[in-house]
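Asks:
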Amino acid sequence: MRIKRSMGERTFDAVNAILLAICCLAVAIPLLYVVAGSLSSNEAIMHSEVRLWPVGFNLDNYDFVIHNAVFWRSFGVTIMIVVIGTAINMVMTLLTSYPLSKAWLGGRRPIMLFIIFTMIFQAPMVPMYLLIKELHLLDSIWALIIPSALSAFNMLLCITFLRSIPEELFEAARVDGMNEYRILWRIVTPLSMPINVTLMLFYAVGHWNNYLGPLLYVTDRAKQPLQLYLYNLISQFDMDSAGGESVLELSSRLTPQGLQMATIVVATVPVVIIYPFLQKHFIKGALLGSVKE
1 MRIKRSMGER
11 TFDAVNAILL
21 AICCLAVAIP
31 LLYVVAGSLS
41 SNEAIMHSEV
51 RLWPVGFNLD
61 NYDFVIHNAV
71 FWRSFGVTIM
81 IVVIGTAINM
91 VMTLLTSYPL
101 SKAWLGGRRP
111 IMLFIIFTMI
121 FQAPMVPMYL
131 LIKELHLLDS
141 IWALIIPSAL
151 SAFNMLLCIT
161 FLRSIPEELF
171 EAARVDGMNE
181 YRILWRIVTP
191 LSMPINVTLM
201 LFYAVGHWNN
211 YLGPLLYVTD
221 RAKQPLQLYL
231 YNLISQFDMD
241 SAGGESVLEL
251 SSRLTPQGLQ
261 MATIVVATVP
271 VVIIYPFLQK
281 HFIKGALLGS
291 VKE
């Protein structure tokens with residue numbers, strides 16, 4: 001049976017559809033322009049002929065990026081930071097969220113207030129830099145991992161999810177002789193897969209897009225991650241970032257704009273490829289708490 005909808009409901013849906021279409025266009029148009037520019041000829045880019053479709057199809061920019069050792073070195077550093085950092089983030093989040101999700105834990109409220117305090121009031125830039133310096137973490141990937149080892153917001157999401165798991169399940173496991181660590185590994189982790197995948201995506205994208213941390217703490221070019229490489233390439237068109245060629249040799253083959261666009265596309269592709277495989281779990285985790293029984 002089809003329910004007849006009022007004029008107000010149809011108007012509301014139409015306005016929502018129009019607003020969402022405008023938002024999608026606002027996001028898609030810049031992306032299409034970057035992709036089109038990366039595939040266009042040098043002359044078309046220099047004469048501003050590129051809009052949303054490649055003009056004078058050209059793959060020289062991608063050929064240069066693919067054979068650029070500096071780019072792949074930064075890419076490898078970023079992959080290392082994402083893998084190690086996300087693993088540490090997830091371990092810290094689960095080890096913190098599981099006990100704090102138990103109402104019977106003594107001192108739970110002061111601990112949670114202390115962690116939430118760090119979410120509201122964050123350390124200023126200069127004291128944070130001095131702390132990293134005193135810990136001898138400058139020019140190290142650990143300066144980009146340890147300060148963000150635990151996100152208070154993500155921890156609260158995980159606590160909310162773990163509270164939805166029946167406590168009787170944990171009591172039955174304790175009766176069978178399982179300790180809390182085995183319960184966390186054998187029961188909590190498999191059952192909390194939707195929120196785990198969501199948090200992994202949050203943490204991984206955060207590490208992948210981290211720009212301010214490397215800018216402050218990493219000066220060694222051999223250890224600069226991808227976002228700092230893009231900054232040097234886009235804002236300054238640093239020749240060391242571009243692969244060490246002279247300005248004359250580079251300008252005879254490529255334009256800075258085309259090279260920058262191709263680098264941005266290649267740096268964005270991994271996240272775009274991985275997201276569809278995590279979308280199902282991500283949606284379940286994103287809808288956490290929206291429905292109460």
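Just so you know, we're using the UniProt record's numbering here: the sequence shown kicks off at 1 and counts up by one.
Glycine included, C-beta positions come from ideal geometry on N, C-alpha and C.
1. Taking the alpha helix (DSSP H) that residue 60 falls in, what are its first and last residues?
2. Can you tell me whether residue 142 is helix, strand or coil according to DSSP?
3. For residue 197, tell me which candidate among 74, 158, 107 has the shortest Cα-Cα distance.
4. Who are the Cβ neighbours of residue 290 in its own chain at under 6 Å, not counting the five residues just before and after it?
5. Here's the rule: buried if 16 or more other CB atoms are within 10 angstroms of the residue's CB, otherwise exposed. What is residue 246?
6. At what residues does the alpha helix (DSSP H) containing residue 31 begin and finish?
7. Which value, in whole angstroms, describes the spacing of the CA atoms of residue 248 and residue 254?
8. If I follow the unbroken alpha helix (DSSP H) through residue 204, where does it start and stop?
9. Kindly indicate which residue of 137, 8, 37, 82 has the alpha-carbon position closest to the one of residue 227.
10. Inspect the beta-carbon positions of residue 260 and residue 216 and report whether they are closer than 7 Å.
11. Could you tell me if residue 211 is buried or exposed, where buried requires 16 or more neighbouring beta carbons within 10 angstroms of its beta carbon?
12. The alpha helix (DSSP H) spanning residue 127 covers which residue range?
13. Quick check on this structure: which residue in 122, 129, 141, 61 has the alpha carbon closest to the alpha carbon of residue 224?
14. Let me know if residue 277 comes out buried or exposed under the rule of 16 or more other beta-carbons within 10 Å of its beta-carbon.
15. Within its chain, find whatever has a CB closer than 6 Å to the CB of residue 85; leave out the 5 residues flanking it on each side and keep chain order.
16. Kindly list the residues whose CB is nearer than 8 Å to the CB of residue 189, restricted to its own chain and excluding five residues on each side of it in sequence; keep chain order.
17. With C-beta atoms as the reference, is residue 44 less than 7 Å away from residue 27?
18. Could you work out which residue in 166, 11, 200 is closest to residue 151 when comparing CA atoms only?
Replies: Taking the coordinates as given:
1. 60 to 66
2. Note: residue 142 maps to helix in three-state DSSP.
3. 158
4. Low confidence applies to residue 290: its pLDDT is 48, below 50, so where it sits in the model is not reliable, and the reading given next is rough at best. Cβ neighbours of residue 290 beyond the five flanking positions: none.
5. No answer about residue 246 holds up, because its pLDDT of 48 lies below 50 and its placement is not dependable.
6. 7 to 38
7. Legend: pLDDT at residue 248 = 45, less than 50; position of this residue unreliable, value from coordinates given subsequently. Spanning the two alpha carbons is a distance of roughly 10 Å.
8. 193 to 209
9. 82
10. no
11. exposed
12. 125 to 134
13. The residue with the shortest Cα to Cα distance from residue 224 is 141.
14. exposed
15. 145, 207
16. 94, 196
17. At a Cβ-Cβ threshold of 7 Å, residue 44 and residue 27 do not count as neighbours.
18. Taking only the C-alpha atoms, the option nearest residue 151 is 200.
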